[in-house]
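Asker:
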Amino acid sequence: MANRYFTCKTNKNPITYACGEEIIFHIFYRHEGVTVPAVKFKWQMEADFGFREEGVCDGKTGEFTLKATLDKPGFVYVIAQAIDEDGNPAPESDIFYGGAGVELDKIKSVTTEPEGYHEFWEICKKELHCLEPKLIQCNELPKDALHPNHDVYDVRIACVGGIPVSGILTIPRDGKKHPARVTCQGYGVKSAWHLFGDDTINLCINAHGIPNDMPQTYYDDLFKGRLAGYGFDEEQNRNPHTCYFKYMMIRAAQALRFMMTLPEWDGETLISRGGSQGAVQAMQGASMVDEVTYIDTWVPWLCDISSGDIGRICGFGNFSGNAMRFFDLSLRARYVTKKVVISAGLGDATTRASGITAMYHNLQGEKELSFTQCREHIYSSPEAESFRFEE
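Residues 31 to 421 in this note's numbering are what the sequence shown spells out, letter by letter.
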């Protein structure tokens, strides 16, 4: 049986509030499209610039209402869950993650470029071109039962930095030329995914250049061992050249270069895409490959990481090392003229909506931004609703 879940209606489009305007959240506890009762609801609201409230309310009607205001441009975030009489989470029940935005057009980035920013990225681009994107390993995999008309390969591609690009490549077996798409993954240690498209060549790369399709225990052991806390070593992060993320970004660019060598590529459309950490790779990698035509991102990470200095809520990560600013997407966005599409969650505590909005404003080309109510970093409610930001 499917879990119970929440949906939310606000008194207006949730990303169109003005400073000082009352925000009303009507939150409903649902099961298979019907509002259902609970014993109690426990909730918490917090917002940029210090606002915070929490409480417990009766759940017999299956719905409740919360109100908030914000006197500066930013976001209010809401978390709620059904609980029993003892305060324990109700079984088979999802958590509510939602929010609302105030004067998004005035949310600007505050993170400043570190000294040597452009020199660093020029060096990265030069290093990228030190090795051609040649296959150093290519194992054909069994045909996928759901996609029998695709060839599937586990590939390793030569790259600087001592670690190869490692991914799963899928190619439609139709003799035609197609757009090419590279997908990068979020923070963690995992195999590259098997992604298919009838009209695209797909390469999904894992973040670390490690083997694909291994038992889960292999990835768990790496995450607890050699790759534990990767990217946040304070000593490494004193210098962007020793930061773990440097060669991760270069591998994303090398994957894009590799796709252009395939005879099945149409020679026109090259898509760089990814979510969370993968969005950082997608945008930074694309910045080193002029032929990229389109950047597709969701819940992008590392957006305006210094915004906590003015009271905004930042997302996941330790940003104390100077090197992290070199990878901030609000800085990269100032030099991106390619089309960028961004989707994000109003309830995301990992990649906060205010930082994503600030990054969006810095983009220089065609761009789209949408926020989804009842969406967290990974989870989305069955009745989640998206809203496109209109400037």
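For each residue, glycine too, the CB sits at the ideal point set by N, CA and C.
Being a predicted model, the structure only gives us computed values, none of them experimental.
Which residue comes first and which comes last in the beta strand (DSSP E) that contains residue 387?
Answerer: Note, residue 387: premise wrong, no beta strand (DSSP E); alpha helix (DSSP H) at 383-392.
Asker: From residue 193 to residue 364, what distance separates their C-alpha atoms?
Answerer: 29 Å
Asker: Counting Cβ pairs, one atom from each stretch, are 3 or more of them under 8 Å apart for the segment 104-114 and the segment 125-138?
Answerer: Result yes; three or more Cβ-Cβ pairs closer than 8 Å.
Asker: For the putative contact between residue 282 and residue 312, defined by C-beta atoms under 8 Å, what is the C-beta separation to the nearest angstrom?
Answerer: 7 Å
Asker: How should residue 232 be labelled, buried or exposed, when 16 other C-beta atoms within 10 angstroms of its C-beta is the threshold for buried?
Answerer: With 16 or more other Cβ atoms within 10 Å, it is buried.
Asker: In the DSSP assignment, what are the bridge partners of residue 200?
Answerer: DSSP lists 182 and 232 as partners of residue 200.
Asker: Kindly indicate the opening and closing residues of the beta strand (DSSP E) around residue 274.
Answerer: It is not in any beta strand (DSSP E) - residue 274 carries neither H nor E in the DSSP assignment.
Asker: Pull the bridge partners of residue 64 from the DSSP assignment, please.
Answerer: As DSSP reads the structure, residue 64 sits in a beta bridge with 61.
Asker: Starting from the Cα of residue 37, find the closest Cα among 63, 172, 268 and 47 and give me that residue.
Answerer: 63
Asker: Rounded to whole angstroms, what's the CA-CA distance from residue 174 to residue 81? Just pull it up for me.
Answerer: 50 Å
Asker: I need the straight-line Cα distance from residue 302 to residue 197, nearest angstrom please.
Answerer: C-alpha of residue 302 to C-alpha of residue 197: approximately 14 Å in a straight line.
Asker: Taking the alpha-carbon positions, what's the residue 383 to residue 205 distance?
Answerer: Spanning the two alpha carbons is a distance of roughly 43 Å.
Asker: For residue 300, which residues does DSSP report across the bridge?
Answerer: DSSP output for residue 300 lists 210 as bridge partner(s).
Asker: Since residue 235 and residue 195 are thought to touch, with beta carbons under 8 Å apart, how far apart are those beta carbons, to the nearest angstrom?
Answerer: Residue 235 to residue 195, Cβ: 6 Å. Contact.
Asker: Residue 247 lies in the alpha helix (DSSP H); which residues open and close that run?
Answerer: In the DSSP assignment, residue 247 falls within the unbroken alpha helix (DSSP H) covering 246-254.
Asker: Could you have a look at residue 55 and say whether DSSP puts it in helix, strand or coil?
Answerer: strand
Asker: Could you give the distance in angstroms between the alpha-carbon of residue 334 and the alpha-carbon of residue 230?
Answerer: 33 Å
Asker: I'd like the span of the alpha helix (DSSP H) that includes residue 151, first residue to last.
Answerer: That run of the alpha helix (DSSP H) goes 147-158.
Asker: Check the C-beta distance from residue 360 over to residue 388 and give it rounded, since I have them as a contact under 8 Å.
Answerer: That belief holds up - the Cβ atoms of residue 360 and residue 388 are roughly 5 Å apart, short of 8 Å.
Asker: What distance in whole Å lies between the Cβ atoms of residue 321 and residue 208, which are believed to be in contact at a cut-off of 8 Å?
Answerer: In fact, because the Cβ distance is near 15 Å, the residues do not count as touching under 8 Å.
Asker: Which one of 74, 188, 59 and 85 has the shortest CA to CA distance from residue 161?
Answerer: Of the candidates 74, 188, 59 and 85, the one whose C-alpha sits nearest the C-alpha of residue 161 is 188.
Asker: Can you list, in chain order, the residues of its chain with a C-beta nearer than 7 Å to that of residue 114? Leave out the 5 residues immediately preceding and following it.
Answerer: 69 and 120
Asker: Would you verify that the beta carbon of residue 58 is, or is not, closer than 8 Å to some beta carbon of chain B?
Answerer: In the structure shown, chain B cannot be found, because there is only a single protein chain.
Asker: My guess is that residue 278 and residue 158 are in contact by the Cβ rule of under 8 Å, so how many angstroms apart are they, rounded?
Answerer: No, residue 278 and residue 158 are not in contact; Cβ-Cβ is about 12 Å, not under 8 Å.
Asker: Quick check on this structure: which residue in 66, 84, 79 and 78 has the alpha carbon closest to the alpha carbon of residue 72?
Answerer: 84
Asker: Shortest alpha-carbon distance to residue 24 belongs to which of 285, 165, 54 and 164?
Answerer: No statement about residue 24 is possible, as the shown extent of the chain runs from 31 to 421 and does not include it.
Asker: Specify the secondary structure class of residue 358 as computed by DSSP and reduced to three states.
Answerer: coil
Asker: Work out the CA separation of residue 416 and residue 370 for me, nearest whole Å.
Answerer: 17 Å
Asker: Let me know the secondary structure DSSP gives residue 283 once reduced to three states.
Answerer: Taken through DSSP and simplified to helix, strand or coil, residue 283 comes out as helix.
Asker: Straight-line CA distance for residue 339 to residue 350?
Answerer: In a straight line, the C-alpha of residue 339 is about 12 Å away from that of residue 350.
Asker: Ends of the beta strand (DSSP E) at residue 313?
Answerer: Where residue 313 is concerned, there is no enclosing beta strand (DSSP E), although the alpha helix (DSSP H) it sits in stretches over 307-317.
Asker: Going by the CB atoms, is the gap between residue 327 and residue 280 shorter than 8 Å?
Answerer: Against a cut-off of 8 Å, the Cβ pair of residue 327 and residue 280 comes out as no contact.
Asker: In angstroms with no decimal places, state the Cα-to-Cα distance between residue 163 and residue 344.
Answerer: 36 Å
Asker: According to DSSP, is residue 111 helix, strand or coil?
Answerer: strand
Asker: Measuring CB to CB, does residue 122 end up less than 8 Å from residue 256?
Answerer: No, Cβ-Cβ distance for residue 122 and residue 256 is not below 8 Å.
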